[in-house]
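Undergrad:
2 protein chains.
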Amino acid sequence: MRPESRKQEIINAAAILFKEKGYSAVTMRDLAKAMGIKAASLYNHIQSKQEILSTIIIDLAEEFTTGMNQIANSDQNAIQKLQNIINLHIDVTLRNSDGLASLNNDWMHLEEENLQYFEKMRHEYEESFRNIVYKGVDKGDIKSYNIEIMVFSTLSTLRTLYLWYPKQKNIDADILKRDMMSVLLKGIV
Amino acid sequence: MRPESRKQEIINAAAILFKEKGYSAVTMRDLAKAMGIKAASLYNHIQSKQEILSTIIIDLAEEFTTGMNQIANSDQNAIQKLQNIINLHIDVTLRNSDGLASLNNDWMHLEEENLQYFEKMRHEYEESFRNIVYKGVDKGDIKSYNIEIMVFSTLSTLRTLYLWYPKQKNIDADILKRDMMSVLLKGIV
DNA sequence: GAACAAAACTAACAATTGTTAGTTTTATAT
DNA sequence: ATATAAAACTAACAATTGTTAGTTTTGTTC
């Protein structure tokens, strides 16, 4: 029996609880109860509560970093790159919406090394995003509003998808991608 | 000496700490240290940690409810109403960006009555928002994309302003309002 | 069925939590 | 100055926290 499998079950259960109440409000006894075992038994599979959090967050952050690097380094125009970023966020959200709650709300509870690593990845992600928009404005593909406002507006919507999409039952992923691109790029008016 | 004044100082300090670490991770000793007093002394001014949280959140939620009701009941078209909603969010964010962190991330730690009251207000706020967009689509003022996507997209940006605006030093409130309206309504392409 | 590893258990720990009780200090008004 | 109210303090509590040590159960392999 693979040790990774049971560990991953615990991490998945933890992600759900962290989404509902936040990292600090979830006790190891809460998590154990969700798994149907005693709190001490968790430690046969994981090293600490902190390890669970950092696994959830760092894995996702690396996924975004990898995806963004591929998009940024491709030879597409700014609009195409933005479309790929929207795709990336929707794909990750569909695959692991629970974990995204921790990434968005509990990253500050990471400890030293992982906190720095996360903040570095987040900063570089935003830099890449800003750069794509900047070049798009420069080439005339994107309107010349304040760049920070455009980056923030788009990114905040994409980052909050995890809260919203799981509650929608009638929206197919492909329709979501299509309409989200239209709304974010062309506006609603 | 007015008792409300010192109490409000504590609530303001708490809002800052809640924003940084979340409600559950902030201890009464943390809050006391930020105030330069001992934890027990806080209880001369407040009844409980929970009272602090509910004051922060309910006050803000009622502010949004009042604002939205005025906008929804006015005889303006959908576009004008949306512009007023954007204004409302920016005004509240400028006045109390710390408290908005609790409203967005720690509402689930409210207890029974206040939790229900908050959820009712939030639901009605979203209903009003949805209704404005719906009527706008009906009259042809707003494009007929999926309504949920348009509501979510706009609202998620407005709700996340508190995270972003305090870090921007070079953006004047009026410029923010103007560009935010353009970006949200007319898109960036 | 003996051996072994995986995964659960019980019991306990030291630290931290929100909060209370009772007391002392500080500031204000008469 | 004295009386009063506001606001701080010390000391302690009962409960809960993450985690460890040591033991037993469960399931698989030969």
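From first to last, the protein sequence lines stand for chains A and B.
Position 170, counted from 1, in the first sequence is what full-length UniProt numbering calls 170; the numbers after and before it change by one each time, with no gaps.
Position 160, counted from 1, in the second sequence is what full-length UniProt numbering calls 160; the numbers after and before it change by one each time, with no gaps.
No residue lacks a Cβ here, since even glycine has one placed at the ideal position from N, Cα and C.
Source: prediction; values computed, not measured.
Could you name the residues of the same chain whose beta carbon sits closer than 8 Å to that of N77 of chain A, not counting the 5 residues immediately before and after it, in chain order?
TA: Locating residue 77 of chain A in the first sequence gives position 77, where the first residue counts as 1. Once the five neighbours on either side are set aside, the close Cβ partners of N77 of chain A are G136, K139, D141.
Undergrad: By how many angstroms is the C-alpha of L82 of chain A removed from the C-alpha of V133 of chain A?
TA: Here residue 133 of chain A is taken as the residue at index 133 of the first sequence, counted from 1. Here residue 82 of chain A is taken as the residue at index 82 of the first sequence, counted from 1. For V133 of chain A and L82 of chain A, the distance between alpha carbons rounds to 8 Å.
Undergrad: Does the distance from the CB of I90 of chain B to the CB of A173 of chain B come in under 8 Å?
TA: Position 90 of the second sequence, counted from the start, is the residue given in the question as residue 90 of chain B. Position 173 of the second sequence, counted from the start, is the residue given in the question as residue 173 of chain B. Going by C-beta atoms, I90 of chain B is nearer than 8 Å to A173 of chain B.
Undergrad: M180 of chain B and I86 of chain B look like a contact to me (Cβ under 8 Å); what is the Cβ gap, rounded to whole Å?
TA: Looking up residue 180 of chain B in the second sequence gives position 180. Looking up residue 86 of chain B in the second sequence gives position 86. Yes, M180 of chain B and I86 of chain B are in contact; Cβ-Cβ is about 6 Å, under 8 Å.
Undergrad: Quick one: what's got a C-beta closer than 8 Å to E111 of chain B's C-beta in the same chain, skipping five residues either side?
TA: Taking the first residue of the second sequence as position 1, residue 111 of chain B is located at position 111. For E111 of chain B, where only same-chain residues beyond five positions count, the Cβ hits under 8 Å are Q50, S54.
Undergrad: Take the Cβ of T66 of chain B as the centre, count every other Cβ of all protein chains shown within 10 Å, and call the residue buried at 16 or more, exposed below.
TA: Within the second sequence, numbered from 1, the residue matching residue 66 of chain B stands at position 66. So T66 of chain B counts as exposed.
Undergrad: Give a yes or no on whether the minimum CB-CB distance between A14 of chain B and chain A is below 8 Å.
TA: Here residue 14 of chain B is taken as the residue at index 14 of the second sequence, counted from 1. Not one chain A Cβ lies under 8 Å of A14 of chain B.
Undergrad: Could you compute how far the alpha carbon of Y43 of chain A sits from the alpha carbon of I56 of chain B?
TA: Residue mapping note: residue 43 of chain A aligns to position 43 of the first sequence, counting from 1. Residue mapping note: residue 56 of chain B aligns to position 56 of the second sequence, counting from 1. The alpha-carbon separation between Y43 of chain A and I56 of chain B amounts to approximately 38 Å.
Undergrad: Would S24 of chain B and G22 of chain A be called neighbours here (beta carbons separated by less than 8 Å)?
TA: As a position in the second sequence, residue 24 of chain B is number 24, starting the count at 1. As a position in the first sequence, residue 22 of chain A is number 22, starting the count at 1. Between S24 of chain B and G22 of chain A, the CB-CB gap stays under 8 Å.
Undergrad: Can you tell me the Cα-Cα spacing of E20 of chain A and P166 of chain B, whole angstroms?
TA: The residue given as residue 20 of chain A occupies position 20 in the first sequence. The residue given as residue 166 of chain B occupies position 166 in the second sequence. If I take the Cα positions, the gap works out to 27 Å.
Undergrad: Can you list, in chain order, the residues of its chain with a C-beta nearer than 7 Å to that of L94 of chain A? Leave out the 5 residues immediately preceding and following it.
TA: Walking along the first sequence from the start, residue 94 of chain A turns up at place 94. Around L94 of chain A: A173.
Undergrad: Can you find the residues in the same chain that come closer than 8 Å, C-beta to C-beta, to M1 of chain A, ignoring five residues on each side of it along the sequence?
TA: Locating residue 1 of chain A in the first sequence gives position 1, where the first residue counts as 1. Because the pLDDT of M1 of chain A is 40, which lies under 50, any placement of that residue in the model is unreliable, and the number read from its coordinates should be weighed accordingly. The beta carbon of M1 of chain A sits closer than 8 Å to none of the beta carbons in its chain outside the five residues before and after it.
Undergrad: Measuring alpha carbon to alpha carbon, tell me which of A:K177, A:L184, A:S144 ends up nearest T157 of chain A.
TA: Locating residue 157 of chain A in the first sequence gives position 157, where the first residue counts as 1. Among A:K177, A:L184, A:S144, the Cα nearest to that of T157 of chain A is on A:L184.
Undergrad: Would you kindly work out how many angstroms separate the C-alpha atoms of M115 of chain A and E62 of chain A, rounded to a whole number?
TA: Counting from one through the first sequence, the residue named residue 115 of chain A turns up at place 115. Counting from one through the first sequence, the residue named residue 62 of chain A turns up at place 62. Reading the sequence as shown, one finds Leu at residue 115 of chain A and not Met. Between L115 of chain A and E62 of chain A, the C-alpha separation is close to 13 Å.
Undergrad: What does D179 of chain B touch in chain A if you count any residue whose Cβ is under 7 Å from its own?
TA: Here residue 179 of chain B is taken as the residue at index 179 of the second sequence, counted from 1. Going along chain A in sequence order, the residues near D179 of chain B (Cβ under 7 Å) are Y145, N146, I149.
Undergrad: Tell me whether the beta-carbon of A34 of chain B lies closer than 8 Å to the beta-carbon of A13 of chain B.
TA: Here residue 34 of chain B is taken as the residue at index 34 of the second sequence, counted from 1. Here residue 13 of chain B is taken as the residue at index 13 of the second sequence, counted from 1. For A34 of chain B and A13 of chain B, yes; Cβs fall inside 8 Å.
Undergrad: Assign D59 of chain B to one of two classes, buried (16 or more other C-beta atoms within 10 Å of its C-beta) or exposed (fewer than that).
TA: As a working mapping, residue 59 of chain B is identified with position 59 in the second sequence. Exposed is the call here.
Undergrad: Pull up the CB-CB distance for Q168 of chain B and E127 of chain A, whole angstroms please, since I reckon it's below 8 Å.
TA: On the second sequence, position 168 is the one that residue 168 of chain B refers to. On the first sequence, position 127 is the one that residue 127 of chain A refers to. No, Q168 of chain B and E127 of chain A are not in contact; Cβ-Cβ is about 16 Å, not under 8 Å.
Undergrad: Can you look up N146 of chain B in the DSSP assignment and give me helix, strand or coil?
TA: Sequence index remark: in the second sequence, residue 146 of chain B carries index 146 (1-based). Three-state DSSP puts N146 of chain B in coil, outside helix and strand.
Undergrad: Determine whether the Cβ of G187 of chain B lies closer than 8 Å to any Cβ atom of chain A.
TA: Translated into the one-based positions of the second sequence, residue 187 of chain B becomes position 187. Chain A, which has a Cβ nearer than 8 Å to the Cβ of G187 of chain B, makes this yes.
Undergrad: Buried or exposed, going by whether 16 or more other CB atoms sit within 10 Å of the CB of D75 of chain A?
TA: Indexing the first sequence from 1 puts residue 75 of chain A at position 75. Answer is exposed; the Cβ neighbour count stays below 16.
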